[in-house]
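Numbering (the working numbering), first residue to last: 155 to 382.
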């Protein structure tokens with residue numbers, strides 16, 4: 155069995171889960187938040203070193219202000235309230251994505267959580283917020299230009315050194331819930347050789363058994379990386 159070092163998850167279907175039950179979208183997002191905490195523990199128990207979850211894309215700003223405000227407050231509350239748990243479980247927390255549109259209080263909560271957990275070693279949780287894969291590559295290129303790195307010294311590794319997940323292995327497996335069969339800009343640079351696993355279950359319904367089935371499917375596959 156091949157160990158998964160880095161797992162990516164597109165946590166999709168919160169709103170449809172809520173609609174199916176006659177509940178407001180916010181109820182789905184709260185349920186999705188609770189599920190993310192559970193899945194983090196499941197990954198830790200399975201020795202997965204890096205977990206990256208897609209929480210809010212650059213396109214999600216198009217949703218209603220009420221829903222966006224709720225999501226941002228949910229994230230800020232989570233970063234503050236769950237910080238003791240991150241420390242207890244020895245988990246490093248990173249928020250990846252552009253912080254330009256985030257509130258001052260959310261940016262402060264992010265900085266506090268990242269600073270306090272930066273030396274934790276049991277695992278890393280990357281939460282993608284205001285994230286887009288193309289934006290990430292553009293921002294990496296801007297950093298390279300600002301560093302005035304000579305053209306003949308720029309390689310694929312150079313780009314990898316300047317994306318938001320720099321220093322981490324590329325994801326072995328990317329899971330998307332809710333029956334959508336696309337990556338929607340998630341880990342565009344890092345996911346070129348990731349195995350993809352799609353399930354029709356909405357994110358709040360994703361179970362520990364579903365995770366194990368995804369891992370089992372991953373281990374059935376042969377990863378050739380273009381070699382055969």
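In this text, a Cβ means the ideal position worked out from N, Cα and C, and glycines have one as well.
- Where residue 283 is concerned, the enclosing beta strand (DSSP E) starts and stops at 277–285.
- Under DSSP, residue 211 shares a beta bridge with 285.
- Restricting attention to 309, 169, 373, 330, the CA atom closest to the CA of residue 182 is found in 169.
- CA-to-CA, the gap between residue 256 and residue 349 works out to about 32 Å.
- At a Cβ-Cβ threshold of 8 Å, residue 372 and residue 351 count as neighbours.
- Under the Cβ criterion (8 Å, minimum of three pairs), the region 295–302 does not count as touching the region 258–267.
- The beta carbon of residue 189 lies closer than 7 Å to those of 357, 358, 360 in the same chain, with the five residues before and after it left out.
- With respect to the 8 Å criterion, residue 343 and residue 287 are classified as neighbours on the basis of their beta carbons.
- Per DSSP, residue 313 lies in no beta strand (DSSP E); the unbroken alpha helix (DSSP H) holding it starts and ends at 310–316.
- Secondary structure note for residue 340: it is in no alpha helix (DSSP H), with a DSSP letter that is neither H nor E.
- When DSSP states are grouped into helix, strand and coil, residue 376 belongs to the coil group.
- In the DSSP assignment, residue 322 falls outside any alpha helix (DSSP H) and carries neither an H nor an E.
- DSSP places residue 256 outside any beta strand (DSSP E), giving it a letter other than H or E.
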